Amino acid sequence: MDNQMIRAYLMDLYKNPKNYGVIKDHNLVLHGENPVCGDNITLYIKKDKKKIIDISFESEGCIISKAATSILTDKIKGKYIDDIDIDFFNEVREDLMVELSLSRIKCAELSFSIIDKGKKEF
Ligand code: FES
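See the structure below:
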């Protein structure tokens, strides 16, 4: 994909993110924000013991954070929380298809860090 196609792909994920909104039967809510910019994400999770049955999100944030959350929520749906490790985040970075600066890595990492910190809630 050339740069223009990648930009269009990211913009589409931003405007039409997967798993966006509130799933009605969630039984866990996790929230976090990027302290540098104040952008924030709320994850709505339907879990059964340690398994993520369904997940959705709402966010106020940049293109990268929203696109990354769209990708991540798709990847972890149906997975056991204990199996979600840094490899998932590395896959998200690959799927974003852009080289990320340090500050942009924080944007991409926001939803993953919320899940990681929320593991104790499962
Ligand atoms: Fe705030 Fe990206 S600029 S999360």
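The sequence shown runs 19 to 140 under my numbering. For every residue, glycine included, the Cβ atom is placed at its ideal position computed from N, Cα and C. The structure presented is a predicted model; accordingly, all values stated were derived computationally and were not measured.
So, lysine 65 versus isoleucine 71, is the Cβ gap smaller than 8 angstroms?
For the purposes of this step, residue 65 is taken as residue 47 along the sequence shown, with counting starting at 1. For the purposes of this step, residue 71 is taken as residue 53 along the sequence shown, with counting starting at 1. A contact, by the Cβ cut-off of 8 angstroms.
Taking Cβ positions, are leucine 90 and valine 110 nearer each other than 8 angstroms?
The residue given as residue 90 occupies position 72 in the sequence shown. The residue given as residue 110 occupies position 92 in the sequence shown. Yes, Cβ-Cβ distance for leucine 90 and valine 110 is below 8 angstroms.
Closer than 7 angstroms: is that where the CB of leucine 128 sits relative to any heavy atom of the ligand FES?
In the sequence shown, the residue the question calls residue 128 occupies position 110. Under cutoff, so the answer is yes.
In whole angstroms, what separates the C-alpha of lysine 138 from that of isoleucine 132?
As a working mapping, residue 138 is identified with position 120 in the sequence shown. As a working mapping, residue 132 is identified with position 114 in the sequence shown. Distance between the alpha carbons of lysine 138 and isoleucine 132 is about 11 angstroms.
Spatial distance of phenylalanine 106 from valine 54 (CA atoms)
Taking the sequence shown and counting its residues from 1, the one referred to as residue 106 is at position 88. Taking the sequence shown and counting its residues from 1, the one referred to as residue 54 is at position 36. So the two alpha carbons sit approximately 24 angstroms from each other.
Please work out which residues of its chain come closer than 7 angstroms, Cβ to Cβ, to aspartate 113, disregarding the five sequence neighbours upstream and downstream, and give them in chain order.
As a first step, residue 113 is located in the sequence shown; it is residue number 95 there, counting from the start. The answer, listed in chain order, is Ile89.
In DSSP terms, what aspartate 134 is bridged to
Mapped onto the sequence shown, residue 134 falls at position 116. Per DSSP, none; premise fails for aspartate 134.
Please go through the segment 20 to 69 and give each complete beta strand (DSSP E) segment of 3 or more residues, from N-terminal end onward.
If you keep only unbroken beta strand (DSSP E) runs of at least 3 residues inside the segment 20 to 69, you get 46 to 51, 58 to 66.
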